[in-house]
Amino acid sequence: MKQNKLIFSELWKQKAAPFCDALRSNPLQLTCRQGQMAVAVCNLQKYMNNIPAEYQYFDGIPGIPFQDFPYYGGSVEIADYCPFNQEFSWHLSGECSSNCKIAENQPG
2 MKQNKLIFSE
12 LWKQKAAPFC
22 DALRSNPLQL
32 TCRQGQMAVA
42 VCNLQKYMNN
52 IPAEYQYFDG
62 IPGIPFQDFP
72 YYGGSVEIAD
82 YCPFNQEFSW
92 HLSGECSSNC
102 KIAENQPG
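Counted the way the numbering used here counts, the sequence shown spans residues 2 to 109.
Written out as structure tokens, the structure is:
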């Protein structure tokens, strides 16, 4: 687990895709996943309780005080709370599609 934490920390510092640091907000901050195949949103969120210490990766989150870092992580537990740009989909003309190559899907 420590190795995963070190790897994630290094990727985080490099702003490596698909990892992200944009807190989920309203309105959603949309982006396109690598390869432009899907619209995505960063799944970084605040939890009511501290997430497990082995999954606390952050040494900085824009706009978040240091003492609150233990409450933040990605919304997918099976991904070890790593925040990443998570694809979502909707229906376009009766078809399910969030492909960023479709003009109507381009994030504004």
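Idealized CB from N, CA, C, for every residue including glycine. Note that the structure is predicted; figures quoted are calculated from it, not measured.
Which residues DSSP lists as bridging residue i, in chain order
i          : result
residue 46 : 74
residue 85 : 20
residue 41 : 32 and 88
Where residue i falls, given that 16 or more other Cβ within 10 Å makes a residue buried
i          : result
residue 48 : exposed
residue 87 : buried
residue 54 : exposed
residue 77 : exposed
residue 62 : buried
residue 21 : buried
residue 2  : In this predicted model, residue 2 has a pLDDT of only 49, less than 50, meaning its place in the structure is not dependable; the value taken from the coordinates is given anyway. By the neighbour-count rule (16 or more Cβ atoms within 10 Å), residue 2 is not buried but exposed.
residue 52 : buried
Residue i and residue j closer than 7 angstroms at C-beta
i          : j          : result
residue 1  : residue 45 : The question about residue 1 has no answer, for the chain in this structure spans 2 to 109.
residue 57 : residue 66 : no
residue 32 : residue 41 : yes
Nearest-angstrom Cβ-Cβ length linking residue i and residue j, presumed shorter than 8 angstroms
i          : j          : result
residue 74 : residue 85 : The Cβ separation is near 11 angstroms, so there is no contact.
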